[in-house]
Amino acid sequence: MQTRERNREAYSHHGGPTGVLLIHGFTGSPGEMRPFAEYLAGLGYSVEVPILSGHCTSVHEMNDTTYSDWVQSAYDAYNVLAIRTERVIVVGHSMGGLIAFYLANRYHIAGIISMCTPMYLASMGARFVPLISWIYPVHKSSRPRNDDILQYLGGYSEVPLRAVRSLNRLIRFVRDELHEIHIPVLVQQARKDLTVKPESATYIYEHIDSEVKQIKWYERSGHMLPVDTDRKEVWADAVAFIRQIEEA
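In UniProt numbering, the protein residues as written are 1 to 248.
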């Protein structure tokens, strides 16, 4: 079982010529990506799992960050892989998927694996965040009750609402740029996602301009797709997609 302290640590592995950057979600931690990262490392891939700015510290510190800070953290890890590998593939969970698409329109990335990436948030209260965040900068959040998932989490149990405003801006920004994505993309979406509207996956698939694109649905999992019930299938599909890129 992973510990909370371990879940809040960045992870790095220097392996073969294909690098995989794994980016965690909003208020999350490297722990949600670490099991898959270690699996990839065992297959010989070079791997980086960074801590995004404002994460693994405090919700109040995260409220002082914006999507530019989160993107910069991911770019720094991307640059490590870009220097020492022949190609970099980015795996992004939730907000990490948004960052993957953002990076792909600015840097040389060989492919994207998008896991439960939001184009639309499921919460009805999301539209009121710009107003209430000035009054209540932090809000209590719900967490998965499944102990098998909880062991991989190291993020916050509260939501930094000022940071949510920046997340919403990032969603709009990436949504407007999807048509500029031409690289291979695998869209992975959980049917039981209560955080991101599942139709986000269809929107991404239909609006990217990639010749090579796939969409996969997972019936038993919720938002924490990389570590949820279907994780072994999720990982296998992702590895198959990575190998497809390598062989192209």
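Every residue gets a Cβ at the ideal spot worked out from N, C-alpha and C, and that includes glycine.
Could you tell me if residue i is buried or exposed, where buried requires 16 or more neighbouring beta carbons within 10 angstroms of its beta carbon?
i           : result
residue 301 : Lying outside 1 to 248, the shown extent of the chain, residue 301 is not represented and no answer is given.
Leu121      : buried
Ile149      : buried
Thr27       : buried
Arg34       : buried
Ile99       : buried
Ser68       : exposed
Ile83       : exposed
Arg231      : buried
Ala236      : exposed
Ser157      : exposed
Which same chain residues, not among the five before or five after residue i, have their C-beta less than 6 Å away from its C-beta?
i      : result
Val185 : Ile112, Ile208, Ser210, Lys213
Tyr203 : Met119
Ala37  : Tyr11, Leu22, Val47, Val49
Leu178 : His207, Ile208
Thr66  : Ser166
Tell me which residue opens and which closes the beta strand (DSSP E) that residue i is part of.
i      : result
Glu48  : 46–49
Val196 : That residue, Val196, is in no beta strand (DSSP E); it is neither H nor E in DSSP.
Glu158 : 158–160
Gly96  : First-last for Gly96: 95–104, but that is the alpha helix (DSSP H), not the beta strand (DSSP E).
Ile215 : 213–218
Gly111 : 111–115
Going by the CB atoms, is the gap between residue j and residue i shorter than 7 Å?
i      : j      : result
His93  : Pro198 : no
Leu43  : Val88  : no
Gly96  : Ile171 : no
Ala104 : Ile215 : no
Trp217 : Arg191 : yes
Val187 : Ser114 : yes
Val59  : Pro160 : yes
Asn63  : Arg162 : yes
Cys116 : Asp228 : no
Cys56  : Ser73  : no
Val91  : Ile109 : no
Which residues bound the alpha helix (DSSP H) around residue i?
i      : result
Val10  : In the sequence on display, residue 10 carries Ala and not Val. Looking at the DSSP string, Ala10 is not in any alpha helix (DSSP H), and its letter there is neither H nor E.
Gln151 : Segment: none, Gln151 is in no alpha helix (DSSP H) and carries neither H nor E.
Ile83  : 67–84
Val239 : 231–247
Gly42  : 34–42
Val59  : 59–62
Can you give me the Cβ contacts of residue i inside the same chain, cut-off strictly under 7 Å, excluding the 5 residues immediately before and after it?
i      : result
Leu40  : Val20, Val47
Tyr107 : Tyr78
Counting only the same chain and skipping the five closest in sequence on each side, list residues whose C-beta sits under 8 Å from that of residue i.
i      : result
Tyr45  : His13, Gly15, Gly16, Thr18, Gly19, Val20, Ile242
Leu131 : Caution applies to Leu131, whose pLDDT of 43 falls short of 50 and renders its modelled position unreliable; the model cannot decide the point.
Gln244 : Pro184, Val212
Ile181 : Phe101, Ala104, Asn105, Ile112, Ile208, Asp209, Ser210
Under the DSSP definition of a beta bridge, which residues are partnered with residue i?
i      : result
Thr18  : Arg87
Met224 : The partner list for Met224 (beta bridge, DSSP) is empty, contrary to what the question assumes.
Ala190 : Tyr218
Ile23  : Gly92
Val174 : Partner(s): none; Val174 has no beta bridge.
Leu121 : Val196
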